[in-house]
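Single-structure report; data block below.
Protein chains: 2
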Amino acid sequence: MMNPQETEISTLGEFGLIDRLTKGIELKNASSLKGVGDDCAVLNYGEKQTLVTTDLLLEGIHFDLTYTPLKHLGYKAAVVNFSDVYAMNGVPRQLTVSIGVSKRFTVEHIEELYAGIRLACEIYGVDLVGGDTSASVTGLIISVTCIGEGDKDKLVYRNGARDTDLICVSGDLGAAYMGLQLLERERTVSKESKDDFHPAFEGREYILERQLKPEARRDVIEELAQAGIKPTAMMDVSDGLSSELMHICKQSNVGCRIYEERIPIDYQTAVMAEEFNMNLVTAALNGGEDYELLFTVPLTEHEKVASMKSVKIIGRITKPELGYCMETRDGAELELRAQGWQAFTH
Amino acid sequence: MMNPQETEISTLGEFGLIDRLTKGIELKNASSLKGVGDDCAVLNYGEKQTLVTTDLLLEGIHFDLTYTPLKHLGYKAAVVNFSDVYAMNGVPRQLTVSIGVSKRFTVEHIEELYAGIRLACEIYGVDLVGGDTSASVTGLIISVTCIGEGDKDKLVYRNGARDTDLICVSGDLGAAYMGLQLLERERTVSKESKDDFHPAFEGREYILERQLKPEARRDVIEELAQAGIKPTAMMDVSDGLSSELMHICKQSNVGCRIYEERIPIDYQTAVMAEEFNMNLVTAALNGGEDYELLFTVPLTEHEKVASMKSVKIIGRITKPELGYCMETRDGAELELRAQGWQAFTH
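Protein chains in written order, with my numbering: chain A, 232 to 577; chain B, 232 to 577.
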């Protein structure tokens, strides 16, 4: 992995590496008073409320560097945290990033990773304000914490869904999961074949991008605000629609009924599922990593939500005794199950 | 490592494990509006300024579980972040903790770790408000982010030291480093001997505690406030006095002169250094992990600072052209060097 033109991390040392990675970072948000370079970052939120979310990404568990470019990985690590802040109806403002790197990584590798993080920060208007770098005996470790702000009366929690509310989801589901399946297959094929291997990625750019370079739905949050809609409950879809919907229902003490035919699925996702002989709806319900917004709104907002292009109404909230249910295309009722995140059992 | 009465993490799954670890957590700070259980924690700092600090601790780099009890490790992981907030003259208020655990850890192990984190939170009045748990292929990974608050006009940065300021340090230095040396030696001895091994820890409790269960100097911050002293610059000593003092001098564009004979060193530290045939002053200057406070105050505060029991004046700030210098006991001048953190080169 080490290229002779690249720089061993030991030639810079910790402080040199941090200097190089954080050079030229300018703070853009008025709430960022002090960034990298002291014991803490200093933020000022005046009368706003402060949001904090954090994520730990581990090589071999959350990402595989054989098919994940480091720049994409950095971009994704930042964006998935922004997504958590938007899912509260907030605005991400600051980011801290700590990384652990083993000897097989050079300074240029870490710069690539940081280039992705900094690009995400630029696009979403977030300030990188701190973090640290450390050696690791085992591979790449990325820990990201995002701080955001929100108006007291506009934050949306998971526990506000009420009977008869509409269940909405943005974008489409299952694509990131099918992108991962494709990447895994091509990796296996590339190991078996020798010289002339060309991964079969043509016409599958969408699902690959959904896996490798997801975006957070800032646009949906802005659209909801413009339409004057405040969701009653909201989450981002990171573990899969089923799991997230059950979180909202449990915390709100309600049931739900969604309709299979209304679950938004992209054409490429469907083609890929068929090629892999996988159940398409299972992929959409349990695939995860979609980073779409799942939210509920009062029935009275039906017209407004129905006119939003990037949002689809997929069902409604029910009384708790009706459970968590999906009506299939042929009219049968299925109980939703949270597959969620099962890495401990694999 | 697995005990038959203990519980495999896979039997609980991610959400079950989080539920178990966060059960009974009560929020104590008015600024903690919402803790674990949504996309973000929600904090409210009104007119205060918000401090954020983060740390990533990796098995095999930052800790060794052969001699670090998990509860102590959790306690230390939290406290070192509190220390960063105090070093800004702030008060820590909230903590998020993400952990990655490999299969050799059971639920009970992680509960031990959390017991230490929660004990630290209780003692320092900090709310645990979020985080996540994840599988790891490689060992234990702990990522901690602490959020604190401070009054706008009371925060202390690293860049405020001025010529003629007094350089002060709390407690004593080098003990945590000597504790680590002792633990490393006993581990080596225990591997070589067979059955009847008893580590030689008697009379060395202080240096062991400094390594395994450090405290943050909240008391010094409170004492300074009571005495009406606002330091001109401040840091906590995590990488060693030399390195931290040079950070302050560089950021403040000043030089410094400290006196070897004034560096506070505990008796046990000195005995241990002699036993190991190590240079005592080097241990105190470069040992690290002391978590004492290093700060500068105007010369006019001399009397007040001199009367503080847990603080020692070790030198003074000079003009930048005088460099970073230590006067030894025999009157010679040594240039300070930042040994700092060198894990990348080992």
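Ideal Cβ positions, reconstructed from N, Cα and C, are used throughout, including at glycine.
| query | Which parts of the stretch 239-315 of chain B are runs of the alpha helix (DSSP H), unbroken and 4 residues or longer, counting only runs that do not cross its ends? | reply | For the stretch 239-315 of chain B, whole alpha helix (DSSP H) runs of length 4 or above, ordered along the chain, are 240-253.
| field | Alpha-carbon spacing of B/Leu609 relative to B/Pro300, whole angstroms | value | Nothing about residue 609 of chain B can be reported from this structure: the residues present for chain B run from 232 to 577 only.
| said: By DSSP's criteria, A/Thr369 is part of a beta bridge. Which residues make up the other side? | reply: Looking at the DSSP assignment, A/Thr369 forms no beta bridge with any residue, so it has no partner.
| query | Would you call B/Val400 buried or exposed, if buried means 16 or more other Cβ atoms sit within 10 Å of its Cβ? | reply | Answer is buried; the Cβ neighbour count reaches 16.
| message | Alpha carbons only, please: which of A/Glu440, A/Asp363, A/Ser241, A/Arg568 is nearest the one belonging to B/Thr285? | response | It is A/Asp363.
| task | Pair every Cβ in the stretch 514-525 of chain A with every Cβ in the stretch 308-321 of chain A, then say whether three or more of these pairs are closer than 8 Å. | result | Taking a contact to require three or more Cβ pairs closer than 8 Å, the stretch 514-525 of chain A and the stretch 308-321 of chain A qualify as touching.
| said: Do A/Thr549 and A/Cys487 count as a contact pair if the criterion is CB distance below 8 Å? | reply: Going by beta carbons, A/Cys487 and A/Thr549 fall inside the 8 Å limit.
| task | Determine, using beta carbons only, whether A/Glu357 and A/Gln325 come nearer to each other than 8 Å. | result | Looking at the sequence provided, one finds Val at residue 357 of chain A rather than Glu. At a Cβ-Cβ threshold of 8 Å, A/Val357 and A/Gln325 count as neighbours.
| field | For A/Asp394, the three-state DSSP class (helix, strand or coil) | value | A/Asp394: coil per DSSP, three-state reduction.
| query | Should B/Glu242 go down as buried or exposed, given a rule of 16 or more other Cβ atoms within 10 Å for buried? | reply | The residue asked about is misnamed: residue 242 of chain B is Thr in this sequence, not Glu. Exposed, since its Cβ has fewer than 16 Cβ neighbours within 10 Å.
| query | Span of the beta strand (DSSP E) holding A/Leu524? | reply | Run containing A/Leu524: 524-528, per the beta strand (DSSP E) assignment.
| message | Taking its Cβ as the centre, do 16 or more other Cβ atoms sit within 10 Å of A/Pro462, making it buried, or is it exposed? | response | Answer is buried; the Cβ neighbour count reaches 16.
| message | Quick check: the Cα distance between A/Val536 and A/Leu455, rounded to an integer number of angstroms? | response | The straight-line gap from Cα to Cα measures roughly 8 Å.
| Any chance the stretch 328-339 of chain A sits against the stretch 385-405 of chain A, with 3 or more Cβ pairs inside 8 Å? | Below 8 Å, too few C-beta pairs join the stretch 328-339 of chain A and the stretch 385-405 of chain A to call them touching: fewer than three.
| query | Assuming B/Ala366 and B/Ala309 make a contact with CB atoms under 8 Å, what is their CB distance in whole Å? | reply | The beta carbons of B/Ala366 and B/Ala309 sit about 23 Å from each other, so the pair does not count as a contact at 8 Å.
| query | Under the three-state reduction of DSSP, which class applies to A/Asp450: helix, strand or coil? | reply | Reduced to three states, the DSSP call for A/Asp450 is helix.
| message | Counting only C-beta atoms, is B/Tyr388 closer than 8 Å to chain A at any point? | response | Yes, B/Tyr388 lies at the interface with chain A (some Cβ there is under 8 Å from its Cβ).
| message | If you reduce the DSSP assignment to three classes, tell me which class A/Tyr408 lands in. | response | Helix.
| said: Looking at the strands, I want to know which residues DSSP matches up with A/Ser329. | reply: Residue pairing for A/Ser329: DSSP places it in a beta bridge opposite A/Ser374.
| query | Relative to the C-alpha of A/Glu564, which residue among A/Gly519, A/Tyr490, A/Asn508 is closest? | reply | That would be A/Tyr490, whose Cα lies nearest to the Cα of A/Glu564.
| Cross-chain neighbours of B/Gly471 in chain A, by beta carbon under 7 Å | Ordered by position in chain A, no residue passes the 7 Å Cβ test against B/Gly471, which lies about 13 Å from the chain.
| Neighbour list for A/Ala351 in chain B, Cβ cutoff strictly below 8 Å | Within 8 Å Cβ-Cβ: nothing; A/Ala351 doesn't reach chain B, min ~17 Å.
| request: Please list the residues of the stretch 260-288 of chain A that have a C-beta atom closer than 9 Å to any C-beta atom in chain B, keeping them in chain order. | output: Correct list: Ser262, Leu264, Lys265, Gly268, Asp269, Asp270, Cys271, Ala272, Val273, Leu274, Asn275, Tyr276, Gly277, Glu278, Lys279, Gln280, Thr281, Leu282, Val283, Thr284, Thr285, Asp286, Leu287, Leu288.
| request: Answer yes or no: does any C-beta atom of chain A fall closer than 8 Å to that of B/Phe575? | output: Note on B/Phe575: pLDDT 44, under 50, position unreliable in the model; the coordinate value appears next. Cβ-Cβ to chain A under 8 Å: yes for B/Phe575.
| Identity of the residue in A/Gly519, A/Ala464, A/Val485, A/Glu505 nearest A/Ser474 by Cα | For A/Ser474, the nearest C-alpha among the options comes from A/Gly519.
| Under the three-state reduction of DSSP, which class applies to A/Leu350: helix, strand or coil? | For A/Leu350, the three-state secondary structure derived from DSSP is helix.
| field | Short CB-CB distance (under 8 Å) between A/Ala366 and chain B | value | It does: the Cβ of A/Ala366 has a partner Cβ on chain B nearer than 8 Å.
| query | Using the C-alpha atoms, what's the distance from B/Lys302 back to A/Val311? | reply | A/Val311 and B/Lys302: Cα-Cα distance of roughly 31 Å.
| task | List the residues that DSSP assigns as beta-bridge partners of B/Glu558. | result | Note: B/Glu558 is bridge-paired with B/Tyr490, B/Glu564 in the DSSP secondary-structure output.
| request: Could you say which of B/Gln236, B/Ala272, B/Asp497, B/Ile372 lies nearest to B/Ala407 if we only look at CA atoms? | output: Nearest of B/Gln236, B/Ala272, B/Asp497, B/Ile372 to B/Ala407, Cα basis: B/Asp497.
| Whole-angstrom C-beta distance between A/Gly291 and A/Gly370, which should lie under 8 Å | The Cβ separation is near 6 Å, so the contact holds.
| task | Please report how far the alpha carbon of A/Leu404 lies from the alpha carbon of A/Pro495, in whole angstroms. | result | As the crow flies, the alpha-carbon of A/Leu404 is around 6 Å from that of A/Pro495.
| message | In whole angstroms, give me the CA-to-CA distance for A/Lys259 and A/Arg251. | response | Rounded to the nearest angstrom, the two C-alpha atoms are 20 Å apart.
| query | Along chain A, which residues have their Cβ under 9 Å away from the Cβ of B/Asp467? | reply | The contacting residues are Asp270.
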